[in-house]
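Numbered by UniProt numbering, the letters in the sequence shown go through residues 1 to 584 in order.
Think of the CB as a built atom: it goes at the ideal place given N, C-alpha and C, for glycine as much as any other residue.
Single-structure report; data block below.
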Amino acid sequence: MADEPRAPLRRIVTLFRPYRGRLAVVGALIALSSVVSLASPFMLREVLDDAIPNHRTGLLVLLVLGMITVAVATSVLDVVQTLMSNTVGQRVMHDLRTGVYAHLQRMSLAFFTRTRTGEVQSRIANDIGGMQSVVTSTTASIVSNLTTVIATIIAMVALDWRLTLVSLLLMPVFVWISRKVGRERRKISSERQRKLAALSSMVQESLSVSGILLGRTMGQSPELTGRFTTASDELATLGVRSSMAGRWRQSTIQIVLSAMPAVIYLAAGLASTVSIGTVVAFTTLQMSLFRPAVSLLRLGVDVQSSLALFGRVFEYLDLPVDITPGTGTLKDVRGEVRFEHVDFSYAAPGSGAEVTPTLSDVDITVPAGTTLAVVGETGSGKTTLSYLPPRLYDVTGGRVTVDGVDVRELSFETLAEVVGVVSQETYLFHSSIADNLRFAKPSATDEELAEAARAARIHDHIMSLPDGYETVVGERGHRFSGGEKQRLAIARTLLRDPPVLILDEATSALDTRTERAVQEALDALSRGRTTITIAHRLSTVRDADQIVVLDHGRVAERGTHEELLAAGGHYAALVRRDAALTPA
1 MADEPRAPLR RIVTLFRPYR GRLAVVGALI ALSSVVSLAS PFMLREVLDD
51 AIPNHRTGLL VLLVLGMITV AVATSVLDVV QTLMSNTVGQ RVMHDLRTGV
101 YAHLQRMSLA FFTRTRTGEV QSRIANDIGG MQSVVTSTTA SIVSNLTTVI
151 ATIIAMVALD WRLTLVSLLL MPVFVWISRK VGRERRKISS ERQRKLAALS
201 SMVQESLSVS GILLGRTMGQ SPELTGRFTT ASDELATLGV RSSMAGRWRQ
251 STIQIVLSAM PAVIYLAAGL ASTVSIGTVV AFTTLQMSLF RPAVSLLRLG
301 VDVQSSLALF GRVFEYLDLP VDITPGTGTL KDVRGEVRFE HVDFSYAAPG
351 SGAEVTPTLS DVDITVPAGT TLAVVGETGS GKTTLSYLPP RLYDVTGGRV
401 TVDGVDVREL SFETLAEVVG VVSQETYLFH SSIADNLRFA KPSATDEELA
451 EAARAARIHD HIMSLPDGYE TVVGERGHRF SGGEKQRLAI ARTLLRDPPV
501 LILDEATSAL DTRTERAVQE ALDALSRGRT TITIAHRLST VRDADQIVVL
551 DHGRVAERGT HEELLAAGGH YAALVRRDAA LTPA
């Protein structure tokens, strides 16, 4: 248990390595400032023991000017080192934030399906934000105070070693008390950050557009407010506990330190060999010692508390990346896609969970430029199959290839260029229509945006809006209907013009009339493009070159619409049911 803080401390030091040159300059400035400031007590001794009693006006003026010069010099040095140390601290914070964000961008979809969005946001915003003061100013304060303490002790010994011994007698006890308080606060801080993450998740979920709609329509707004109030109250209680942890012990330290000058006066009086100037200079140094010493003890407590925040951030940085990108590229892409004896399970072998295969021995070839329709009951593995070509998940058995190359060998950039996806979950950023479309192709011209929108049968609607393509879509696109959002998503994917197109029930949110219009556009755009359609409405797959029926993760049937109808199996049963559910 004693070694627990050491690993985070070593990693924290590692964060500063790229800036060790600047830190060396900061350290030099701090040391210079500490040494220069120590000249004042010695000059004060000369003022009291020599210049004033002996009426040496010239010496007095020089000493006073020297003391003023020391004050100016230490102030200038303090400003310069504060600027440099804060600059280094902010760069370290930037590196840490971007490091966590970049690492999370490499995680598979599985991580985000099991982690609350608010939790991720809290780690990046609250935890890293809470570390900011430690990284930007506390480190410099520790170095400054430590240098001052060492230099001051040396100066005190030079004045009188006996008085120095009296001053430092209780210091080890104070250090022990502060370490104990720090460990206590660290535990409280860790619990507080967990509560804060839960609160952030609650806010993110309940105050989103979807959360508000659900709360209002279910009549649960008061219940949600009650939950938030309870969570906020618990957080407030932990905040009080954190600030009060060890407060009485620290107050005792403060009282003892404040009384120490009186003890020095007593010791000097009993010794009767110490001059008045030495006593005044020594007590001045003593106060110069106690201020940074107390500050160091408090900073030690703060650092202990911050270790909990660093630990939570390092947890994310230590998450294993379960999908490692390849380095391969593809030239002259034809677009042939093959699922070669693919097995897949969401519970990885060895995880301890019961492994239930979602896909088993799926073997499908989609020739370049053809259309594959995948149909089946809910839960048969259709959507999971669509996740594999773009590597949102990796197969647990077999392989998926594009033009004969395993997708695991390709870089993510190549996969994004080759495979386009329109999923049933449409996501739009809270920005303009143009910005949302250009997310697929930042260099797209206005004409290219319009062309993609026309193909998706959404251009006319966009032009009917007061701001046209500059219209802000709102949070998650809630200013638009489900069909309009889906058509925007289709236009966004088509803007990339990928050789392989995956449509995961891309027309499921459309009404019959709009579905027909969009389907005509998709049919036209699918010519010369390999298209894999995950279909819910069987009316959209009749003209597919190949239809595969999945049943409990296995290929039950394959063939054309006519062939499968004639076979009278799973597909024929699905068609009959679909026809029965479709209004006349």
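The continuous beta strand (DSSP E) containing S360 extends over residues 359 to 366. With respect to the C-alpha of T358, the residue from S380, A368, I364 having the closest C-alpha is S380. Less than 8 Å divides the Cβ of L538 from the Cβ of V375.
V549 is bridged by DSSP to V375, E557. By the neighbour-count criterion, in which a residue is buried when 16 or more other Cβ atoms sit within 10 angstroms of its Cβ, F344 is buried. Here R399 is bridged, per DSSP, to E340. For L501, the enclosing beta strand (DSSP E) stretches over residues 500 to 504.
Cβ neighbours of H459 within its own chain (closer than 6 Å, five residues either side excluded): A450, A453. Beta-bridge annotation (DSSP): T530 is paired with V500. For V26, no beta strand (DSSP E) segment is defined; the enclosing uninterrupted segment is the alpha helix (DSSP H) at 20 to 37. Using a Cβ distance threshold of 8 Å, S411 and P320 do not count as a contacting pair. When C-beta atoms of the region 71 to 80 are compared with those of the region 111 to 121, fewer than three pairs fall below 8 Å, so the two segments do not count as touching. With a minimum length of 3 residues, the unbroken runs of beta strand (DSSP E) contained wholly in the region 413 to 458 fall at 419 to 422. Of the residues V575, Q546, L38, D551, the one whose Cα lies closest to the Cα of M287 is L38. In this structure, T370 is the residue among T370, D446, G468 with its C-alpha nearest to the C-alpha of D545. Of the candidates T365, L29, D127, V35, the residue whose Cα lies closest to the Cα of M156 is V35. When DSSP states are grouped into helix, strand and coil, G381 belongs to the coil group. Per DSSP, G89 has no beta bridge partner at all. Residue state for L392 is assigned as coil, using DSSP reduced to three classes. Per the DSSP secondary-structure output, L410 pairs in a beta bridge with G328.
By the beta-carbon neighbour count (other beta carbons within 10 angstroms, threshold 16), R17 is exposed. Rounded to whole angstroms, A51 and S75 show a C-alpha spacing of 26 Å. Bridge pairing for V76: absent [DSSP]. Checking the DSSP bridge columns, you'll see V472 partnered with S432.
G420 sits close to V500, with the two beta carbons spaced by under 8 Å. In this structure, the CA atom of N436 is about 48 Å from the CA atom of E184. Annotation for G118: the continuous alpha helix (DSSP H) segment containing it runs 117 to 122.
The beta-carbon separation of R487 and R457, rounded to 6 Å, stays under the 8 Å limit for a contact. With a cutoff of 8 Å on beta-carbon distance, K195 and L238 are scored as near each other. In the structure shown, the three-state DSSP call for V203 is helix. Considered as a whole, the region 141 to 177 harbours 161 to 168 as its complete alpha helix (DSSP H) runs of no fewer than 4 residues, in chain order. In the structure shown, V70 falls within a helical segment according to DSSP collapsed to helix, strand and coil. In this model, A236 and G328 are separated by some 52 Å (Cα to Cα). Around the beta carbon of M463, fewer than 16 other beta carbons sit within 10 angstroms, so the residue counts as exposed.
Assigned with DSSP and collapsed to three states, V541 falls in coil, not helix or strand.
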